[in-house]
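K.L.:
Dropping the structure in here first, questions after.
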Amino acid sequence: MNGTVLNVDVLLLVFSLAHKQTKLELMSTCQVLYREGGKQLLKDMDGVWLGTEPRLESFLLFMDADGGSRMRYLHRLSLGINLTLSRPVAKRFKKMLNRLAPVSRLTDLSILHLEPLLSAHPFLSKAIAELTSIKAVNFYIVGKRSVKMLKSMQSELETVEFGGFDDQLIQSSKPDDPDLIMLLRPFSSGLRSLTVAGWCATVDPQDDAPQYPLLSDLTLDEPTSPTTWHYSRAFPNLKRLTIMTTGFVTAEERLDEFRETNVALLRRHGCWESLDWFEGPILELWLLGILCPVSKLNLHDECYPVTPDILRGALVPARATQLRISFYQFGLFLDEDFIRAFVEGCGATLKVLDLTIKISLGEYDEVGYDLDLGDVLDAITDMLRSFSTLESVTLGLYFEICHWRKDEELPGEVFAEDMDVDAMCAALHEAVPAASYVRFELQDHKTRGTATAKIGSEEKKERM
């Protein structure tokens, strides 16, 4: 066996086990470790994050060293929101991307100030577009240069996240400014996951509009005009739909009209056969008018008051088997029509219920300080008797801190100070005796902190 080769192998093994700082110091001792060190540093890092121009300059020097052999070991690159490039540095960055393209194994690219960065050099967008190995992108501040770049990208993207859009693009009414679905046409055959914040504009699709057969996960944050059939047509095999926050703003009297339009268009053009998951505001699920079953729902009442009709209209078509739902408007449970809507919505199919009541100052200010939390819990317990299919029940009381009135004690907090959580859990179990798992929890109470009682094994709880 060649002794020299063996010595190098041993040296590299010892080097690979060293701490990062030690590796940096050892890299200056010989050419072998200098070359190997750069590779290992890139391999060991989960990704490279650059937040300032000096950091980018340093990184460019690092990548250019050793004849550019380190290019193939860069897998994830993130450019921060505060990164502003001068023309000379932008030119050097473009050159690095040009050298990276033929050997690239870069799979994840995140640029949190995309449109301003592309404006730093006229050929930066072309250099990014010519990379062929990227599978996932996360772009913030998408504008007209970004759109042009996306149209010419040679990578086959599987995951796309847009975190915001340039005002000029949003306000443009030019026909050649594509809508969200048209914008991603180059990736229609391979795209699997899409997240969009802010501008989620779509237009009625033409006959040649793209479809995305592999896309299964869609997240929309503040969608201003959720026209559901545009999405059901474009993403026919969607399984998970998440609405982060509602951006829908209209007169209250037009809400019914908007939902009815969505329902009518879905009946005309077709809805999904089923969804595995929906997460978002109750209002948004209702507005979308989704007609298909949804196995798992994760809902909340933030953004807009929930009425019995809205709750009923959201839950009935879904026929969910698992429901996680939270309410600030916990006084609704004293409304018999609301209770009926809840039971009609999922009483015949529900197996797992995770219900959280959020005790907040806002609800007491809204409905009055005589609202009795004990009456609310009694109403919820009685309601559960109508759910014949329940296998798992979790009820939580979450006490939200109001920092500007933190010394004020709410009636619900007073009620919970001496509450017997074991007795409450037993009452829930008595209401649903067939359930194999029952849990009751106080969360973040001022004096009690968190207190929990449960009946049954956690292993028997079907997880969402």
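My numbering numbers the first residue of the sequence shown as 41 and each following residue consecutively.
Where is the CB? At the ideal position from N, CA and C, for every residue including glycine.
Using 8 Å as the Cβ pair cut-off and three pairs as the minimum, do the segment 461-477 and the segment 489-498 touch?
P.N.:
Yes: at least three Cβ pairs fall under 8 Å.
K.L.:
Do three or more CB pairs link the segment 114-122 to the segment 146-153 at distances below 8 Å?
P.N.:
Because the criterion of three Cβ pairs below 8 Å is met, the segment 114-122 and the segment 146-153 touch.
K.L.:
Scan the segment 216-272 and note each continuous alpha helix (DSSP H) run of 4 residues or more that stays entirely inside, going in chain order.
P.N.:
Here the runs fully enclosed are 220-223.
K.L.:
Given that a residue counts as buried once 16 or more other Cβ atoms are within 10 Å of its Cβ, and exposed if not, what is Q246?
P.N.:
If you number the sequence shown from 1, residue 246 lands on position 206. Burial call: exposed.
K.L.:
Have a look at the DSSP bridge pairing and note the partners of F202.
P.N.:
Sequence index remark: in the sequence shown, residue 202 carries index 162 (1-based). According to DSSP, which records beta bridges pairwise, F202 is partnered with F179 and V236.
K.L.:
Can you name the residues that DSSP bridges to G496?
P.N.:
For the purposes of this step, residue 496 is identified with residue 456 of the sequence shown, where counting begins at 1. The partner list for G496 (beta bridge, DSSP) reads Y477.
K.L.:
In the DSSP assignment, find the unbroken beta strand (DSSP E) run with F439 in it and report its ends.
P.N.:
The sequence position of residue 439 within the sequence shown is 399, counting from 1. That run of the beta strand (DSSP E) goes S432 to F439.
K.L.:
Shortest alpha-carbon distance to A105 belongs to which of P473, R139 and R488?
P.N.:
On the sequence shown, residue 105 is found 65 positions in, with the first residue counted as 1. The shortest C-alpha separation from A105 is found at R139.
K.L.:
Cα-Cα, which of V88, Q61, L53 and D86 is closest to V72?
P.N.:
Counting from one through the sequence shown, the residue named residue 72 turns up at place 32. Among V88, Q61, L53 and D86, the Cα nearest to that of V72 is on L53.
K.L.:
Three or more C-beta pairs under 8 Å: does that hold for the segment 479-488 against the segment 449-464?
P.N.:
Yes, since at least three Cβ pairs between the segment 479-488 and the segment 449-464 fall closer than 8 Å, the two stretches touch.
K.L.:
Could you tell me the alpha carbon to alpha carbon distance between I283 and A58, rounded to whole angstroms?
P.N.:
By 1-based counting over the sequence shown, the position of residue 283 is 243. By 1-based counting over the sequence shown, the position of residue 58 is 18. If I take the Cα positions, the gap works out to 45 Å.
K.L.:
Name the residue from T242, S195, K391 and K166 whose alpha carbon lies nearest to the alpha carbon of A474.
P.N.:
Start at 1 with the first residue of the sequence shown, and residue 474 comes out as number 434. Of the listed residues, the one whose Cα sits closest to A474 is K391.
K.L.:
If you count every other CB in all the chains shown that lies within 10 Å of the CB of L101, and 16 or more means buried, which is it?
P.N.:
Numbered from 1 along the sequence shown, position 61 holds the residue referred to as residue 101. Burial call: exposed.
K.L.:
How should A354 be labelled, buried or exposed, when 16 other C-beta atoms within 10 angstroms of its C-beta is the threshold for buried?
P.N.:
Against the sequence shown, residue 354 aligns to sequence position 314. It is buried - the Cβ of A354 has at least 16 other Cβ atoms within 10 Å.
K.L.:
Less than 7 Å between C-beta atoms, sequence neighbours within five positions excluded: which residues of the same chain meet that for I168?
P.N.:
Working through the sequence shown from its first residue, we reach residue 168 at position 128. Correct list, in chain order: L137 and M189.
K.L.:
Which value, in whole angstroms, describes the spacing of the CA atoms of T490 and E440?
P.N.:
Residue numbering aside, residue 490 sits at position 450 when the sequence shown is read from its first letter. Residue numbering aside, residue 440 sits at position 400 when the sequence shown is read from its first letter. Approximately 13 Å between the Cα atoms of the pair.
K.L.:
Taking 7 Å as the threshold (C-beta atoms), are V236 and F202 in contact?
P.N.:
What you label residue 202 is simply residue 162 of the sequence shown in a count that begins at 1. What you label residue 236 is simply residue 196 of the sequence shown in a count that begins at 1. Cβ atoms of F202 and V236: closer than 7 Å.
K.L.:
Within its chain, find whatever has a CB closer than 7 Å to the CB of V129; leave out the 5 residues flanking it on each side and keep chain order.
P.N.:
Here residue 129 refers to the residue found at position 89 when the sequence shown is read from its first residue. E93, L96 and E97, listed in sequence order.
K.L.:
For E324 and L260, what's the separation of their Cα atoms in angstroms?
P.N.:
Looking up residue 324 in the sequence shown gives position 284. Looking up residue 260 in the sequence shown gives position 220. Roughly 11 Å between the two C-alpha positions.
K.L.:
How many Å lie between L234 and G204 at the Cα?
P.N.:
Translated into positions along the sequence shown, residue 234 becomes position 194. Translated into positions along the sequence shown, residue 204 becomes position 164. Using only the alpha carbons, I get a separation of about 13 Å.
K.L.:
State buried or exposed for K336, treating a residue as buried only when at least 16 other CB atoms are found within 10 Å of its CB.
P.N.:
Counted from its first residue, the sequence shown places residue 336 at position 296. With 16 or more other Cβ atoms within 10 Å, it is buried.
K.L.:
Drop a sphere of 10 angstroms on the beta-carbon of C311, count the other beta-carbons inside from all chains shown, and report buried for 16 or more, exposed for fewer.
P.N.:
Within the sequence shown, numbered from 1, the residue matching residue 311 stands at position 271. With 16 or more Cβ atoms within 10 Å of its Cβ, C311 is classed as buried.
K.L.:
Could you work out which residue in S126, F133 and R75 is closest to Y113 when comparing CA atoms only?
P.N.:
Sequence index remark: in the sequence shown, residue 113 carries index 73 (1-based). Minimum Cα distance to Y113 is reached at R75.
K.L.:
Using 8 Å as the cut-off, can you tell me whether the segment 341-352 makes contact with the segment 409-416, which would need three or more C-beta pairs spanning the two stretches below that distance?
P.N.:
Too few Cβ pairs lie closer than 8 Å, so no.
K.L.:
Assuming F318 contacts L281 under a Cβ cut-off of 8 Å, what Cβ separation, rounded to an integer in Å, is found between them?
P.N.:
Indexing the sequence shown from 1 puts residue 318 at position 278. Indexing the sequence shown from 1 puts residue 281 at position 241. Their Cβ separation, rounded to whole angstroms, is 5 Å, which keeps F318 and L281 in contact under 8 Å.
K.L.:
Just to confirm the assignment, what range does the beta strand (DSSP E) spanning G91 have?
P.N.:
As a position in the sequence shown, residue 91 is number 51, starting the count at 1. No beta strand (DSSP E) contains G91, which DSSP labels as neither H nor E.
K.L.:
Assuming L315 and V334 are in contact, meaning their beta carbons sit under 8 Å apart, how far apart are those beta carbons, in whole angstroms?
P.N.:
For the purposes of this step, residue 315 is identified with residue 275 of the sequence shown, where counting begins at 1. For the purposes of this step, residue 334 is identified with residue 294 of the sequence shown, where counting begins at 1. Contact flag correct, Cβ pair sits at about 4 Å.
K.L.:
Taking the CB atoms as reference points, tell me whether S195 and L158 lie closer together than 7 Å.
P.N.:
Counting from 1 along the sequence shown, the entry for residue 195 is found at position 155. Counting from 1 along the sequence shown, the entry for residue 158 is found at position 118. Not closer than 7 Å, so no.
K.L.:
What are the start and end residues of the alpha helix (DSSP H) that includes P303?
P.N.:
For this step, residue 303 is matched to residue 263 along the sequence shown. In the sequence under discussion, the amino acid at residue 303 is Val, which differs from the Pro named in the question. Here the alpha helix (DSSP H) through V303 covers L295 to H309.
K.L.:
Consult DSSP for K336 and reduce its assignment to one of helix, strand or coil.
P.N.:
As a first step, residue 336 must be located in the sequence shown, where it is residue number 296. Correct three-state label for K336: strand.
K.L.:
According to the neighbour-count rule (16 or more other Cβ atoms, all chains shown, within 10 Å of its Cβ), is K83 buried or exposed?
P.N.:
On the sequence shown, residue 83 is found 43 positions in, with the first residue counted as 1. Looking at its Cβ environment, which holds fewer than 16 other Cβ atoms inside 10 Å, K83 is exposed.
K.L.:
From this set, D394, P266 and M459, which residue's C-alpha is nearest T285's C-alpha?
P.N.:
Walking along the sequence shown from the start, residue 285 turns up at place 245. Here the closest residue by C-alpha is P266.
K.L.:
Taking the alpha-carbon positions, what's the P162 to V187 distance?
P.N.:
On the sequence shown, residue 162 is found 122 positions in, with the first residue counted as 1. On the sequence shown, residue 187 is found 147 positions in, with the first residue counted as 1. Between P162 and V187, the C-alpha separation is close to 14 Å.
K.L.:
Taking buried to mean at least 16 other C-beta atoms within 10 Å of its own C-beta, is N302 buried or exposed?
P.N.:
Within the sequence shown, residue 302 is the residue found at index 262, counting from 1. Buried: at least 16 other Cβ atoms inside 10 Å.
K.L.:
According to DSSP, what are the bridge partners of T396?
P.N.:
Walking along the sequence shown from the start, residue 396 turns up at place 356. Partner(s): S366 and G436.
K.L.:
Could you check if L46 is buried or exposed, using at least 16 other CB atoms within 10 Å of its CB as the buried criterion?
P.N.:
To locate residue 46, count along the sequence shown from 1; it is residue 6. Only weak support exists for where L46 lies, its pLDDT of 49 falling under 50; the value from the coordinates is given anyway. So L46 counts as exposed.
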